[in-house]
Amino acid sequence: MSVDAPVVVEVGLGDRTYDILIGSGLLSRAGAEISRRLPGTRAAVITDANVAAAHLDALKAGLETVGIQPAVITLPPGEKTKSFAHLEEVVDGVLAAKLERGDIVIAFGGGVIGDLAGFAAGIVRRGMNFVQIPTSLLAQVDSSVGGKTGINSARGKNLVGVFHQPKLVLADTGVLDTLPIREFRAGYAELAKYGLIDRPEFFAWLEENWAKVFAGGPERAQAIAEACRAKADVVARDEFETGDRALLNLGHTFGHALEAATRYDGARLVHGEGVAIGMALAYRFSSRLNLASPDDAARVEAHLRAVGLPWRIVDIPGDLPDAEALLAFITQDKKVSRGALTFILTRGVGQAFIAKDVPASEVLSFLKENHPSQQESRLGQQKMRPR
Ligand SMILES: NC(=O)c1ccc[n+]([C@@H]2O[C@H](COP(=O)([O-])OP(=O)(O)OC[C@H]3O[C@@H](n4cnc5c(N)ncnc54)[C@H](O)[C@@H]3O)[C@@H](O)[C@H]2O)c1
Numbered sequence: 075m076s077v078d079a080p081v082v083v084e085v086g087l088g089d090r091t092y093d094i095l096i097g098s099g100l101l102s103r104a105g106a107e108i109s110r111r112l113p114g115t116r117a118a119v120i121t122d123a124n125v126a127a128a129h130l131d132a133l134k135a136g137l138e139t140v141g142i143q144p145a146v147i148t149l150p151p152g153e154k155t156k157s158f159a160h161l162e163e164v165v166d167g168v169l170a171a172k173l174e175r176g177d178i179v180i181a182f183g184g185g186v187i188g189d190l191a192g193f194a195a196g197i198v199r200r201g202m203n204f205v206q207i208p209t210s211l212l213a214q215v216d217s218s219v220g221g222k223t224g225i226n227s228a229r230g231k232n233l234v235g236v237f238h239q240p241k242l243v244l245a246d247t248g249v250l251d252t253l254p255i256r257e258f259r260a261g262y263a264e265l266a267k268y269g270l271i272d273r274p275e276f277f278a279w280l281e282e283n284w285a286k287v288f289a290g291g292p293e294r295a296q297a298i299a300e301a302c303r304a305k306a307d308v309v310a311r312d313e314f315e316t317g318d319r320a321l322l323n324l325g326h327t328f329g330h331a332l333e334a335a336t337r338y339d340g341a342r343l344v345h346g347e348g349v350a351i352g353m354a355l356a357y358r359f360s361s362r363l364n365l366a367s368p369d370d371a372a373r374v375e376a377h378l379r380a381v382g383l384p385w386r387i388v389d390i391p392g393d394l395p396d397a398e399a400l401l402a403f404i405t406q407d408k409k410v411s412r413g414a415l416t417f418i419l420t421r422g423v424g425q426a427f428i429a430k431d432v433p434a435s436e437v438l439s440f441l442k443e444n445h446p447s448q449q450e451s452r453l454g455q456q457k458m459r460p461r
């Protein structure tokens, strides 16, 4: 397999600084890259069944080049795996393999595996070495970088977890060739997010080049590297989200509520799709509050639609709870501070900001206007209107 010289992006965190390597063929040199930074260690690979079927042999071969023969824990794919039960399974598997604190937990999968394995690495023996080998686009551009780990609770997403930074991130862009197109699109939402937060030129570049990013040419690695730079910048500035790291939650408050409302049923809505709808709603809501122009909201919606992402609540198949219930999911979200609603809003493309004390009544009216029941009844009225 040909190995391109990878792009290296550094996440600057003092003595915990680490590299993100981005390029194709990186699985084959995983062992060499890991042992250069963490010599003489043993490892457990945490993965899911889809990723294991497509790529585990290649990773094992890459690790074998330096004599690492990992314990492998393979979990079912899907958001429901980010649970206490599977956390226990991973913790038990790592302990059963008799790994020590200085040994490595390798997360080999999408964001679900990264979040879960990272959490396990953060708590087993009070914190083990951790390496991320992200295999979904979403994980390569977002979740594998920055050290946020965790699982879901019945009360909401990502409510239980720790900050635990990896020692290395290896983003092999070649493994994305086996990613289902729907998952690729979902990851693309998080990629576009960086443009929408504060990189308007990147968003404009994506509007021009998105088809090449999907097709897998050099533009794909270029876009992933740009996203990693954006994420690394924010994480280095605000590791523990006491300030502007919260901007990365653009679209997530609405998105998480929609995910909870669909009970994390990936057949209806996967995380990145929730983020896509959430970003479109954040722009539309900002326009309703006279912060952003309706043209900006329309531009964002048009791009999400062009790449084939859902962008309205009505795009989610099946029934949803009413607007009040959606608001209740939002107020349960962890970005609610002492009852006040905090949202990431925007003054235009690439001009996101943290808005505290957003009135719940405004959110509720907005959700009512955008709720499928409302839109369907509007459609019904339009159909009944005489020409
Ligand atoms: N920690 C963070 O900072 C952060 C940031 C964003 C999202 N997240 C979390 O990430 C999760 C979503 O991540 P995701 O979208 O990667 O979901 P995922 O891990 O469920 O992966 C999506 C699907 O793609 C499959 N897959 C992954 N790589 C593949 C490959 N190369 N070939 C074939 N199939 C492959 C998986 O098996 C799964 O079915 C959510 O739980 C979200 O909360 C965390």
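Residue numbering for the sequence shown follows the working numbering, beginning at 75 and increasing consecutively.
C-beta: ideal position from N, C-alpha, C; glycine also.
These numbers come from a predicted model, not from an experiment.
**OP:** Report all residues from its chain with a CB closer than 7 angstroms to the CB of residue 112; omit the five preceding and five following residues, and keep chain order.
**Re:** Locating residue 112 in the sequence shown gives position 38, where the first residue counts as 1. Counting only residues of its own chain and dropping the five nearest sequence neighbours on each side, residue 112 has a CB closer than 7 angstroms to the CB of 178, 203, 241.
**OP:** Look at the Cβ atom of residue 260, then the Cβ atom of residue 332, and state whether they are nearer than 8 angstroms.
**Re:** By 1-based counting over the sequence shown, the position of residue 260 is 186. By 1-based counting over the sequence shown, the position of residue 332 is 258. Against a cut-off of 8 angstroms, the Cβ pair of residue 332 and residue 260 comes out as no contact.
Original post:
Using DSSP with H/G/I as helix, E/B as strand and the rest coil, what is residue 222?
Top reply: Counting from 1 along the sequence shown, the entry for residue 222 is found at position 148. The answer is strand: DSSP assigns residue 222 an E or B state.
**OP:** Along the beta strand (DSSP E) that carries residue 149, what are the first and last residues, could you check?
**Re:** Taking the first residue of the sequence shown as position 1, residue 149 is located at position 75. Looking at the DSSP string, the run of the beta strand (DSSP E) that includes residue 149 is 145-149.
Subject >> Beta-carbon proximity of residue 225 to residue 189, cut-off 8 angstroms >> reply: Counted from its first residue, the sequence shown places residue 225 at position 151. Counted from its first residue, the sequence shown places residue 189 at position 115. Residue 225 is a Cβ neighbour of residue 189, given a cutoff of 8 angstroms.
Original post:
Can at least three beta-carbon pairs, one atom from the stretch 283-299 and one from the stretch 397-408, be found at a separation below 8 angstroms?
Top reply: Verdict: no, contact absent.
Subject >> Meets three-Cβ-pair contact criterion under 8 angstroms: the stretch 417-427 and the stretch 363-372 >> reply: Yes: at least three Cβ pairs fall under 8 angstroms.
**OP:** May I have the straight-line CA-CA distance separating residue 441 from residue 79, to the nearest angstrom?
**Re:** Taking the sequence shown and counting its residues from 1, one reaches residue 441 at position 367. Taking the sequence shown and counting its residues from 1, one reaches residue 79 at position 5. Roughly 47 angstroms separates the two Cα atoms.
Original post:
When burial is assigned at 16 or more other CB atoms within 10 Å of the CB, is residue 303 buried or exposed?
Top reply: Numbered from 1 along the sequence shown, position 229 holds the residue referred to as residue 303. Burial of residue 303 is indicated by the presence of at least 16 other C-beta atoms within 10 angstroms of its C-beta.
Subject >> In chain order, each alpha helix (DSSP H) run of at least 4 residues that lies wholly inside the stretch 350-393 >> reply: Correct list: 368-380.
Original post:
Is DSSP giving residue 448 helix, strand or coil here?
Top reply: Here the question's residue 448 lines up with position 374 in the sequence shown. In the three-state reduction of the DSSP assignment, residue 448 falls in the helix class, which pools H, G and I.
**OP:** Can you give me the Cβ contacts of residue 336 inside the same chain, cut-off strictly under 6 angstroms, excluding the 5 residues immediately before and after it?
**Re:** Here residue 336 refers to the residue found at position 262 when the sequence shown is read from its first residue. Excluding the 5 residues flanking it on each side, residue 336 has same chain C-beta neighbours closer than 6 angstroms at 342, 343, in chain order.
Original post:
Less than 7 angstroms between the CB of residue 187 and some heavy atom of ligand 1, yes or no?
Top reply: The residue labelled residue 187 in the question sits at position 113 within the sequence shown. Yes; taking the cut-off as 7 angstroms, the Cβ of residue 187 has a heavy atom of ligand 1 nearer than that.
Original post:
Using a Cβ-Cβ cut-off of 7 angstroms (strictly less than) and excluding sequence neighbours within five positions of residue 269, which residues of its own chain qualify?
Top reply: Taking the sequence shown and counting its residues from 1, one reaches residue 269 at position 195. Answer for residue 269: 276, 277, 280, 424, listed in chain order.
Original post:
Got a sec, what are the start and stop residues for the beta strand (DSSP E) residue 242 sits in?
Top reply: Mapped onto the sequence shown, residue 242 falls at position 168. Segment 242-246, the beta strand (DSSP E) holding residue 242.
Original post:
Among 258, 312, 187, 406, which has the Cα closest to the Cα of residue 383?
Top reply: In the sequence shown, counting from the first residue as 1, residue 383 sits at position 309. Selected option, being the one with the closest Cα: 258.
Original post:
Using DSSP with H/G/I as helix, E/B as strand and the rest coil, what is residue 105?
Top reply: Position 31 of the sequence shown holds residue 105. Residue 105 falls in the helix class under three-state DSSP.
Original post:
In or out: residue 82 buried (at least 16 other Cβ within 10 Å) or exposed?
Top reply: Residue 82 sits at position 8 when you count from the first residue of the sequence shown. So residue 82 ends up on the exposed side.
**OP:** Within the same chain, show all residues whose beta-carbon is closer than 6 angstroms to that of residue 458, passing over the 5 residues directly before and after it, in chain order.
**Re:** What you label residue 458 is simply residue 384 of the sequence shown in a count that begins at 1. In this prediction, residue 458 scores a pLDDT of 43, lower than 50, which makes its location untrustworthy; the coordinate-derived value is nonetheless stated afterwards. By the criterion of a C-beta distance shorter than 6 angstroms, residue 458 is surrounded by no residue of its chain, once the five residues flanking it on both sides are discounted.
Original post:
Does the beta carbon of residue 213 fall short of 7 angstroms from some heavy atom of ligand 1?
Top reply: The residue labelled residue 213 in the question sits at position 139 within the sequence shown. For ligand 1, at least one heavy atom lies less than 7 angstroms from the Cβ of residue 213.
Original post:
Which of the three DSSP states, helix, strand or coil, is assigned to residue 417?
Top reply: As a working note, residue 417 is residue 343 in the sequence shown. In this structure, DSSP gives residue 417 an extended state, which the three-state scheme calls strand.
**OP:** Confirm the yes/no value for this check: CB of residue 124, any heavy atom of ligand 1, distance under 7 angstroms.
**Re:** Numbered from 1 along the sequence shown, position 50 holds the residue referred to as residue 124. Checking the Cβ of residue 124 against ligand 1 gives yes.
Subject >> For residue 230, the three-state DSSP class (helix, strand or coil) >> reply: Translated into the one-based positions of the sequence shown, residue 230 becomes position 156. If DSSP states are grouped into helix, strand and coil, residue 230 belongs with the strands.
Subject >> Three or more C-beta pairs below 8 angstroms linking the stretch 111-126 and the stretch 137-154 >> reply: A contact exists between the stretch 111-126 and the stretch 137-154.
Subject >> C-beta contact flag for residue 90 and residue 173 at 8 angstroms >> reply: One-based indexing of the sequence shown puts residue 90 at position 16. One-based indexing of the sequence shown puts residue 173 at position 99. Contact flag unset, no.
Subject >> Rounded C-alpha distance that separates residue 352 from residue 264 >> reply: Taking the first residue of the sequence shown as 1, we reach residue 352 at position 278. Taking the first residue of the sequence shown as 1, we reach residue 264 at position 190. Looking at the two C-alpha atoms, the distance is approximately 11 angstroms.
Subject >> Reduced DSSP category for residue 216 - H, G, I as helix; E, B as strand; rest coil >> reply: Sequence index remark: in the sequence shown, residue 216 carries index 142 (1-based). Note: residue 216 maps to helix in three-state DSSP.
Original post:
If you draw a straight line from the alpha carbon of residue 345 to that of residue 124, how long is it in whole angstroms?
Top reply: Along the sequence shown, one-based indexing puts residue 345 at 271. Along the sequence shown, one-based indexing puts residue 124 at 50. Whole-angstrom Cα-Cα distance: 17 angstroms.
**OP:** Please find out if some non-hydrogen atom of ligand 1 comes closer than 7 angstroms to the beta-carbon of residue 183.
**Re:** Along the sequence shown, read from residue 1 onward, the residue named residue 183 stands at position 109. Answer for residue 183: yes, Cβ within range of ligand 1.
Original post:
Which residues share a DSSP beta bridge with residue 122?
Top reply: Position 48 of the sequence shown, counted from the start, is the residue given in the question as residue 122. Residue 122 is bridged by DSSP to 149.
Original post:
Cβ of residue 445 versus every heavy atom of ligand 1: is any distance shorter than 7 angstroms?
Top reply: On the sequence shown, position 371 is the one that residue 445 refers to. With a cutoff of 7 angstroms, residue 445 does not count as near ligand 1, since its C-beta is closer than that to no heavy atom of the ligand.
**OP:** Identify every residue that forms a DSSP beta bridge with residue 427.
**Re:** For the purposes of this step, residue 427 is taken as residue 353 along the sequence shown, with counting starting at 1. Looking at the DSSP assignment, residue 427 forms a beta bridge with 419.
Original post:
According to DSSP, what are the bridge partners of residue 95?
Top reply: For the purposes of this step, residue 95 is taken as residue 21 along the sequence shown, with counting starting at 1. When DSSP reads this structure, residue 95 sits in a beta bridge with 82, 244.
Subject >> C-alpha gap between residue 289 and residue 301, whole angstroms >> reply: Locating residue 289 in the sequence shown gives position 215, where the first residue counts as 1. Locating residue 301 in the sequence shown gives position 227, where the first residue counts as 1. Their Cα atoms are separated by approximately 18 angstroms.
Original post:
Any idea what DSSP makes of residue 206, helix, strand or coil?
Top reply: Here residue 206 is taken as the residue at index 132 of the sequence shown, counted from 1. Of the three classes helix, strand and coil, the one that applies to residue 206 here is strand, per DSSP.
Subject >> Collapsed DSSP secondary structure at residue 440 in the structure displayed >> reply: Looking up residue 440 in the sequence shown gives position 366. Residue 440 falls in the helix class under three-state DSSP.
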